[in-house]
Amino acid sequence: MTSDQEIRIEPSIPELVQQLEPRLPSLDRRELADATAPLLARLQERLSPSESGPVSDLILSLCRRLYDHARSGDALPLARALLAQAILTDDGALERRASSTCGLLAADTADIVGAIDYQCRTLALSRAEGSRIDQGRTWNNIGLAFLVAGNYELAVTCYHRAIAMVEDEPGPVYGRYTSFLNLAHALYQIGEFDEGLRFGSLALEAATPSFTERDPYAAILLRRNVVRLLIATGRVAEAGSHLPVVAALVERFRTPRAQVAAATTRAAWELATGHVDIALTRLDEALGRARQVPSALHDTLSYVARAEEAAGNTERALLRLHELSEHVYRLAINRARQHLDLSSLFDAPGRGADHAQEQARARLVSHLRPPGEPEDWKALQRLAIAAALRMDSTGWHGLRVGALAKALALASGCVPLEALEIGLAAELHDIGLASVPEAIFSKQGTMNDVERRLFEKHTDAGAEILRDDRHPRILMAREIAKYHHARWDGTGYPARVGGRFIPLPARICAVADAYDEMVCGLCGGPAITMDQALEKLQSGSGTRFDPELVTCFVSVIRDETADRGIDPSTTAGLESFQELVLSLQEDRGFL
Numbered sequence: 004m005t006s007d008q009e010i011r012i013e014p015s016i017p018e019l020v021q022q023l024e025p026r027l028p029s030l031d032r033r034e035l036a037d038a039t040a041p042l043l044a045r046l047q048e049r050l051s052p053s054e055s056g057p058v059s060d061l062i063l064s065l066c067r068r069l070y071d072h073a074r075s076g077d078a079l080p081l082a083r084a085l086l087a088q089a090i091l092t093d094d095g096a097l098e099r100r101a102s103s104t105c106g107l108l109a110a111d112t113a114d115i116v117g118a119i120d121y122q123c124r125t126l127a128l129s130r131a132e133g134s135r136i137d138q139g140r141t142w143n144n145i146g147l148a149f150l151v152a153g154n155y156e157l158a159v160t161c162y163h164r165a166i167a168m169v170e171d172e173p174g175p176v177y178g179r180y181t182s183f184l185n186l187a188h189a190l191y192q193i194g195e196f197d198e199g200l201r202f203g204s205l206a207l208e209a210a211t212p213s214f215t216e217r218d219p220y221a222a223i224l225l226r227r228n229v230v231r232l233l234i235a236t237g238r239v240a241e242a243g244s245h246l247p248v249v250a251a252l253v254e255r256f257r258t259p260r261a262q263v264a265a266a267t268t269r270a271a272w273e274l275a276t277g278h279v280d281i282a283l284t285r286l287d288e289a290l291g292r293a294r295q296v297p298s299a300l301h302d303t304l305s306y307v308a309r310a311e312e313a314a315g316n317t318e319r320a321l322l323r324l325h326e327l328s329e330h331v332y333r334l335a336i337n338r339a340r341q342h343l344d345l346s347s348l349f350d351a352p353g354r355g356a357d358h359a360q361e362q363a364r365a366r367l368v369s370h371l372r373p374p375g376e377p378e379d380w381k382a383l384q385r386l387a388i389a390a391a392l393r394m395d396s397t398g399w400h401g402l403r404v405g406a407l408a409k410a411l412a413l414a415s416g417c418v419p420l421e422a423l424e425i426g427l428a429a430e431l432h433d434i435g436l437a438s439v440p441e442a443i444f445s446k447q448g449t450m451n452d453v454e455r456r457l458f459e460k461h462t463d464a465g466a467e468i469l470r471d472d473r474h475p476r477i478l479m480a481r482e483i484a485k486y487h488h489a490r491w492d493g494t495g496y497p498a499r500v501g502g503r504f505i506p507l508p509a510r511i512c513a514v515a516d517a518y519d520e521m522v523c524g525l526c527g528g529p530a531i532t533m534d535q536a537l538e539k540l541q542s543g544s545g546t547r548f549d550p551e552l553v554t555c556f557v558s559v560i561r562d563e564t565a566d567r568g569i570d571p572s573t574t575a576g577l578e579s580f581q582e583l584v585l586s587l588q589e590d591r592g593f594l
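Sequence positions in the sequence shown follow the numbering used here and run 4 to 594.
1) Measuring CA to CA, which of Leu525, Thr215 and Val514 is closest to cysteine 555?
2) In angstroms, rounded to a whole number, what distance separates the CA positions of leucine 552 and alanine 406?
3) For the alpha helix (DSSP H) containing arginine 231, name the first residue and the last one.
4) Decide yes or no for the touch test of the segment 383 to 391 against the segment 421 to 434: beta carbon pairs closer than 8 Å, at least 3 of them.
5) I need the straight-line Cα distance from alanine 387 to arginine 510, nearest angstrom please.
6) Cysteine 526: buried (16+ other C-beta within 10 angstroms of its C-beta) or exposed?
7) Excluding the 5 residues flanking methionine 4 on each side, which residues of the same chain have their C-beta closer than 6 Å to its C-beta?
8) Quick one, which of Pro508, Ala282 and Ala209 has its alpha-carbon nearest glycine 416's?
9) Identify every residue that forms a DSSP beta bridge with phenylalanine 548.
10) Please report the straight-line C-alpha distance between isoleucine 443 and alanine 517, rounded to a whole angstrom.
11) Taking one C-beta from the segment 276 to 283 and one from the segment 245 to 263 each time, how about it: are there three or more such pairs within less than 8 Å?
12) Quick one: Cα of leucine 290 to Cα of threonine 317, how far?
13) Would you mind sorting valine 418 into buried or exposed? The rule is 16 or more other CB atoms within 10 Å of its CB.
14) So leucine 587 and serine 396 are in contact, right, with Cβ under 8 Å, and what is the actual spacing, rounded?
15) Can you name, in chain order, every residue of its own chain whose Cβ lies under 6 Å from the Cβ of serine 544, other than the five neighbours on each side?
16) As a quick exercise: from Ser64, Glu18 and Arg74, pick the residue whose alpha carbon is nearest that of arginine 33.
17) Between the beta-carbon of arginine 473 and the beta-carbon of glutamine 581, is there less than 9 Å?
18) Counting pairs of beta carbons, one from the segment 196 to 211 and one from the segment 224 to 231, are three or more of them closer than 8 Å?
19) Quick check: what's the CA-CA separation for leucine 35 versus serine 213?
20) Determine the extent of the alpha helix (DSSP H) in which asparagine 144 is found, giving its start and end residues.
21) Mind listing, in chain order, the continuous alpha helix (DSSP H) runs of no fewer than 4 residues lying wholly within the segment 90 to 129?
22) Consult DSSP for cysteine 66 and reduce its assignment to one of helix, strand or coil.
23) Relative to the C-alpha of alanine 78, which candidate in Leu43, His400 and His488 has its C-alpha closest?
24) Do glutamine 384 and valine 116 come within 9 Å of each other at the CB atom, strictly closer than that value?
25) Three or more C-beta pairs closer than 8 Å, one from the segment 160 to 179 and one from the segment 117 to 128: is that the case here?
26) Would you report the Cα separation of glycine 146 and arginine 503, rounded to the nearest angstrom?
27) Inspect the beta-carbon positions of arginine 476 and proline 377 and report whether they are closer than 9 Å.
28) Would you report the Cα separation of phenylalanine 183 and arginine 292, rounded to the nearest angstrom?
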């Protein structure tokens, strides 16, 4: 090499991370992708044992920083590359850590199904290692995924499971502290204030200075939860004593998430002490920051509406809910589109999460796929399941409706391939539910007129999420999402169309959707037997539903239950119904 030739030495991974970290807040998405490309390239190489530990710590730390700056989608490729590296080197401990990180990041991008898949893999690895602390931490993360999905009851169950895993562990346990913290928040959301305050107090007792240093944001969330719960239980003066601690913490940790949590905490106290105008101004500012943080936005919007109502401003609360719901609506659509963009960057998670779970899913999700499946189909299915989790603890409402719709389409005279396509498209009918403010889902009792109108907009949201695609199945899914609540008599929504002007696939889905809701007890109604649900369908024949399709559907259910030896009049409900749905999912020679 001559003297005038430049020698270039590629920077090491630690150097790359060190160069990147200070620039995180200022880089746009394209710039960040370019900056992290060398990291991804290095991670695709096999790291030596001496490199693996330090490099893994650096990458996971960088992922955490990106998460804090509301850039989970940008962190996911790094976490997934690290997970692939762990699998390649058969490093179980690293695989567990990387998989857990992938799960947290996936939940933050609204991929709830992917997040739970990752966490179930993490749980299996923790069990293999025999670590109850790691198992507890993973149950806590699964609860976080359900919390993002808006299913607070399932989140509460997971947090209790997390606490049970570490109840006998001596000394301070970080996972116990965070589970107490998160359980207090979930209980607040479902109105169990006294119980929530009990766990919030336990979290304060479990907190240590090292836990606060480890995650100042969690410490802010804890104080926010305790302040809200104290106010809800009438202990306003005591709530105010936590505000200086929150202010000191946010000064040290000035990320968008921390600032939103701190602002809503102080606003809660200001509302409780009569400073309504100041509080609402502060909440407006918090909302502006929350738009940068998808996982914080829903909670902020929900709290604003609830705070107005708690202050006695009923009309303003309804107006506020209507105003803010537009932000939720648009966010849900944009987040769905961002998720589809992310899904094109990498495949689904590698090894199966949990054998029993995968078997159950395999039985429910039809393996039969006609040629030319839409490119984003699996990502859309995950989004639809995540949306369904807000009202259905199994998440399989769409899959059950798809099976019922396929059977009804075939019985009503559709050719087999068309019936199969209708069933697959019907799986996405409620994909727009993510656009409904969580305050509506978590409300106890009947929705008022404003809330009902906001809920009804989920059909428009579903159609928007599924727009701009020329694949026939997506176009059919869009029609179903938009019109599955249209009524035969023309009084449904959104377009007030009726009769045969409603597309046939949407009419078919409407029958299947209503039947599944009644048998499974969704949307606030009690679960009823399959026979009782058929009677209710027949009572809506000619008004809500296409009468010919109702007659045909009744015959399908009667014939199928008789063939399977299922008694549709029993109160066993879901178990027998699940058996019926599974039988309808079987390959019956469609191709």
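For every residue, glycine included, the Cβ atom is placed at its ideal position computed from N, Cα and C.
Computed from a predicted structure; not experimentally measured.
The relevant details are as follows:
1) Here residue 555 refers to the residue found at position 552 of the sequence shown. Answer by Cα proximity: Val514.
2) By one-based count along the sequence shown, residue 552 stands at place 549. By one-based count along the sequence shown, residue 406 stands at place 403. Distance between the alpha carbons of leucine 552 and alanine 406: 15 Å.
3) In the sequence shown, the residue the question calls residue 231 occupies position 228. Counting along the chain, the alpha helix (DSSP H) containing arginine 231 begins and ends at 219 to 235.
4) The answer is yes - the segment 421 to 434 touches the segment 383 to 391, with three or more Cβ pairs under 8 Å.
5) Taking the first residue of the sequence shown as 1, we reach residue 387 at position 384. Taking the first residue of the sequence shown as 1, we reach residue 510 at position 507. Cα-Cα distance, rounded: 19 Å.
6) Mapped onto the sequence shown, residue 526 falls at position 523. Exposed.
7) Mapped onto the sequence shown, residue 4 falls at position 1. Unreliable positioning characterises methionine 4 in this predicted model, as indicated by a pLDDT of 41, which lies under 50. The coordinate reading is nonetheless provided below. The answer is none, since no qualifying residue turns up.
8) For this step, residue 416 is matched to residue 413 along the sequence shown. Ranking the options by Cα distance to glycine 416, first place goes to Pro508.
9) Along the sequence shown, read from residue 1 onward, the residue named residue 548 stands at position 545. According to DSSP, residue pairing for phenylalanine 548 in a beta bridge involves Ser544.
10) By one-based count along the sequence shown, residue 443 stands at place 440. By one-based count along the sequence shown, residue 517 stands at place 514. Straight-line spacing of the CA atoms in isoleucine 443 and alanine 517 works out to 20 Å.
11) no
12) Here residue 290 is taken as the residue at index 287 of the sequence shown, counted from 1. Here residue 317 is taken as the residue at index 314 of the sequence shown, counted from 1. Using only the alpha carbons, I get a separation of about 20 Å.
13) What you label residue 418 is simply residue 415 of the sequence shown in a count that begins at 1. Label assigned to valine 418: exposed.
14) As a first step, residue 587 must be located in the sequence shown, where it is residue number 584. As a first step, residue 396 must be located in the sequence shown, where it is residue number 393. With 8 Å as the limit, leucine 587 and serine 396 do not qualify as a contact, their Cβ atoms being about 21 Å apart.
15) For this step, residue 544 is matched to residue 541 along the sequence shown. If we look at serine 544 and ignore the five residues flanking it on each side, its Cβ neighbours are Pro550 and Val553.
16) Indexing the sequence shown from 1 puts residue 33 at position 30. Checked all of Ser64, Glu18 and Arg74; the closest Cα to arginine 33 is Arg74.
17) By 1-based counting over the sequence shown, the position of residue 473 is 470. By 1-based counting over the sequence shown, the position of residue 581 is 578. Their beta carbons are not under 9 Å apart, which means arginine 473 does not touch glutamine 581 by this criterion.
18) yes
19) As a first step, residue 35 must be located in the sequence shown, where it is residue number 32. As a first step, residue 213 must be located in the sequence shown, where it is residue number 210. When the Cα atoms are used, leucine 35 and serine 213 turn out to be separated by approximately 31 Å.
20) Translated into the one-based positions of the sequence shown, residue 144 becomes position 141. Segment 135 to 152, the alpha helix (DSSP H) holding asparagine 144.
21) 95 to 111
22) Residue numbering aside, residue 66 sits at position 63 when the sequence shown is read from its first letter. Correct three-state label for cysteine 66: helix.
23) Position 75 of the sequence shown, counting from 1, holds the residue named residue 78. Here the closest residue by C-alpha is Leu43.
24) Taking the sequence shown and counting its residues from 1, the one referred to as residue 116 is at position 113. Taking the sequence shown and counting its residues from 1, the one referred to as residue 384 is at position 381. Yes, the pair counts as a contact, with Cβ atoms nearer than the cut-off.
25) no
26) Within the sequence shown, residue 146 is the residue found at index 143, counting from 1. Within the sequence shown, residue 503 is the residue found at index 500, counting from 1. One C-alpha to the other measures close to 44 Å.
27) Here residue 476 refers to the residue found at position 473 when the sequence shown is read from its first residue. Here residue 377 refers to the residue found at position 374 when the sequence shown is read from its first residue. Against a cut-off of 9 Å, the Cβ pair of proline 377 and arginine 476 comes out as a contact.
28) The residue you call residue 183 lines up with position 180 of the sequence shown. The residue you call residue 292 lines up with position 289 of the sequence shown. Looking at the two C-alpha atoms, the distance is approximately 27 Å.
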